[in-house]
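The sequence shown begins at -12 in our numbering and counts up one residue at a time.
From the three backbone atoms N, C-alpha and C, an ideal C-beta is built for every residue, glycine too.
Predicted model, so just to flag it, every value in this text is computed and none were measured.
In what follows, a structure is listed as structure tokens, so that the remarks can point back to it.
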Amino acid sequence: MLTLGIETSCDDTAAAVVRDGEEALASVVSSQDDLHAPFGGVVPEAASRRHLERIDPVVTLALSRAHAALSDISLIAVTNGPGLIGSLLVGLSYAKGLAARAGIPLVPVDHVHGHLLSLAPAGGVPLPCVSLLVSGGHTGLFLVEDLRSYRLLGTTVDDAAGEAMDKAAKLLGLGYPGGPALERAAAGGDPAALPLPRPMEGAGLDFSFSGLKTALFTYLSAHGYLDRTREGRILPLSTADLAASFQEAVTAVLEVKCLRALRETGLRRLTISGGVARNRALREKLSLASLREGFSLHLPPPELCSDNAMMIAAAGYVLRETAPPDPLSLNAFSTKGLRRSSGASRPRETNR
Ligand code: KG4
Ligand code: ZN
């Protein structure tokens, strides 16, 4: 059974063809980094216009790479939230049109649920597991006991981890997208050079990252880093040291919270997903912890961590029974953050 996945929740236009929810035959991701880089962040209106230009060629390319015609597709899965509403509506409207034209069932997929099933096309999701989602829009710890639902264990009370890294990179003048730029800049830097706080490290499974960014800003402004006339002045720490210290502060808190979630749930399996899960410092930290503490760590390959349509197709396949009889009635939802959800076609998500 072939599922066509479509993902346009933020700034990547993505389509994938996945067999039986686990074998990716094709995956195409068209990034908009070039469009948003001059602004240092995603410009929502520009993002939806670019999705509009790209969605048809991206879906056509995914089908041709999978050597599949639309008539071979048994199910279309599309992200309908959360995300940027204009961006979501492009993918959803396109998917509705395709489904109506070809008479194919259409299933809406929650973007977070997609990330939690990132490992489906890479050998399967090990169940039950604790799952850390760290992206630009979300940071949360989840209990995943079956593929159809998940439970929120803890989430950020302010910025997402990726958002914090993006903002820190911007402060350090490292460009956009910030996370990968920060990782590159941190190479060779001393992670202990700048003692930054470890917000909310002591207790609970919630996160907070906005204070970390403020701490960096305070240090930079107090020591003349943000001074336009600093040319030629010798500053106390190198950009590599500052980037490494910030990366260390974020990843250290993520590690502590993952270990606590494993302890509290009694589970011995950890998965991670989201763009920040590409970060090598985080992957190494968690790998070392898994050896030290004796739990199994399941890392998706980088292309499955950041936004893609393979995970949406995989989640759609799992949720196929919930495809509504009238797909044209579907709507998008933008809700930011990890909230309690309801309805049979939406995953179960509850706060502690
Ligand atoms: O999952 P994703 O592609 O989109 C969202 O749903 O947000 O995640 C994008 C986020 C951005 O904040 C980006 O800076 C961050 O993931 N990111 C990284 C790395 N690659 C992407 N952060 C740290 N290190 C990386 N290597
Ligand atoms: Zn995402």
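Alpha-carbon to alpha-carbon, residue j and residue i
{"i": "Ala2", "j": "Ile91", "result": "16 Å"}
{"i": "Arg339", "j": "Pro44", "result": "For Arg339, the predicted model reports a pLDDT of 26, less than 50, meaning its position is unreliable; a value from the coordinates is still stated below. So the two alpha carbons sit approximately 43 Å from each other."}
{"i": "Ser260", "j": "Ala148", "result": "12 Å"}
{"i": "Gly165", "j": "Ala82", "result": "31 Å"}
{"i": "Gly303", "j": "Val94", "result": "6 Å"}
{"i": "Ala239", "j": "Ser80", "result": "41 Å"}
{"i": "Arg247", "j": "Asp59", "result": "45 Å"}
{"i": "Pro25", "j": "Cys292", "result": "25 Å"}
{"i": "Gly281", "j": "Ala179", "result": "26 Å"}
{"i": "Tyr137", "j": "His210", "result": "45 Å"}
{"i": "Leu161", "j": "Gly176", "result": "15 Å"}
{"i": "Pro289", "j": "Arg265", "result": "5 Å"}
{"i": "Glu308", "j": "Ala33", "result": "35 Å"}
{"i": "Ser14", "j": "Arg52", "result": "8 Å"}
{"i": "Asn318", "j": "Val65", "result": "11 Å"}
{"i": "Ala227", "j": "Leu213", "result": "16 Å"}
{"i": "Ser182", "j": "Tyr206", "result": "One detail in the question is off: residue 182 reads as Pro in this sequence, not Ser. The straight-line gap from Cα to Cα measures roughly 10 Å."}
{"i": "Leu(-11)", "j": "Lys272", "result": "37 Å"}
{"i": "Pro113", "j": "Leu222", "result": "48 Å"}
{"i": "Val5", "j": "His23", "result": "30 Å"}
Near the ligand ZN: residue i beta-carbon under 7 Å from a heavy atom
{"i": "Asp97", "result": "no"}
{"i": "Ala193", "result": "Per the sequence shown, residue 193 should be read as Asp rather than Ala. No, Cβ of Asp193 sits at least 7 Å from all heavy atoms of the ligand ZN."}
{"i": "Asp20", "result": "no"}
{"i": "Gly303", "result": "no"}
{"i": "His38", "result": "no"}
{"i": "His102", "result": "yes"}
{"i": "Ser118", "result": "no"}
{"i": "Ser412", "result": "With the chain running from -12 to 339 in the structure shown, residue 412 is simply not present."}
{"i": "Gly198", "result": "no"}
{"i": "Gly68", "result": "no"}
{"i": "Ser122", "result": "yes"}
{"i": "Gly111", "result": "no"}
{"i": "Gly28", "result": "no"}
{"i": "Gly175", "result": "no"}
Close beta carbons around residue i, own chain, < 6 Å, minus the five adjacent residues each side
{"i": "Arg326", "result": "Interpretation of Arg326 is limited by its pLDDT of 48, a score under 50 that renders its predicted location unreliable; the figure taken from the coordinates is listed afterwards. Closer than 6 Å at the Cβ level, and outside the excluded window around Arg326, lies no residue."}
{"i": "Arg41", "result": "Thr0, Ser17"}
{"i": "Ser105", "result": "Ser260, Pro287, Leu291, Met298"}
{"i": "Leu120", "result": "His102, Gly127, Ser260, Gly261"}
{"i": "Ser195", "result": "Val144, Asp145, Pro186, Met187"}
Close Cβ partners of residue i (< 8 Å) along its chain, the five nearest in sequence each way excluded
{"i": "Ala87", "result": "Pro314, Leu315"}
{"i": "Ala155", "result": "Gly165, Leu169, Leu199, Lys200, Leu203, Ala230, Phe233"}
{"i": "Pro167", "result": "Arg265"}
Opening and closing residue of the beta strand (DSSP E) in which residue i lies
{"i": "Thr0", "result": "-1 to 6"}
{"i": "Gly141", "result": "136 to 142"}
{"i": "Gly73", "result": "From DSSP, Gly73 is part of no beta strand (DSSP E) but of the alpha helix (DSSP H) over 72 to 89."}
{"i": "Asp133", "result": "126 to 133"}
{"i": "Gly(-8)", "result": "-11 to -6"}
{"i": "Glu10", "result": "10 to 18"}
{"i": "Asn295", "result": "Asn295 -> no beta strand (DSSP E), and no H or E assigned at all."}
Endpoints, the alpha helix (DSSP H) within which residue i is located
{"i": "Pro95", "result": "It is not in any alpha helix (DSSP H) - Pro95 instead sits in the beta strand (DSSP E) that spans 93 to 97."}
{"i": "Ala168", "result": "165 to 173"}
{"i": "Glu308", "result": "No alpha helix (DSSP H) contains Glu308, which DSSP labels as neither H nor E."}
{"i": "Ser51", "result": "31 to 52"}
{"i": "Glu290", "result": "289 to 292"}
{"i": "Leu158", "result": "148 to 158"}
Residue i CB to nearest heavy atom of the ligand KG4 below 7 Å
{"i": "Val45", "result": "no"}
{"i": "Ser74", "result": "no"}
{"i": "Ser14", "result": "no"}
{"i": "Met187", "result": "no"}
{"i": "Ser293", "result": "yes"}
{"i": "Arg169", "result": "In the sequence on display, residue 169 carries Leu and not Arg. Leu169: yes, Cβ under 7 Å from the ligand KG4."}
{"i": "Ala(-6)", "result": "Checking the sequence, you will find Glu at residue -6 rather than Ala. No, Cβ of Glu(-6) sits at least 7 Å from all heavy atoms of the ligand KG4."}
Close Cβ partners of residue i (< 7 Å) along its chain, the five nearest in sequence each way excluded
{"i": "Ser274", "result": "Leu284"}
{"i": "Ala11", "result": "Ala3, Val5, Pro108, Met297"}
Residue i: CB within 7 Å of a non-hydrogen atom of the ligand ATP
{"i": "Val65", "result": "Of the ligands one can find in the structure shown, namely the ligand KG4 and the ligand ZN, none is the ligand ATP."}
Item to check | Runs of beta strand (DSSP E) lying entirely within the segment 198 to 286, each at least 3 residues, in chain order | outcome: Within the segment 198 to 286, the complete beta strand (DSSP E) runs of at least 3 residues are 256 to 260, 283 to 285.
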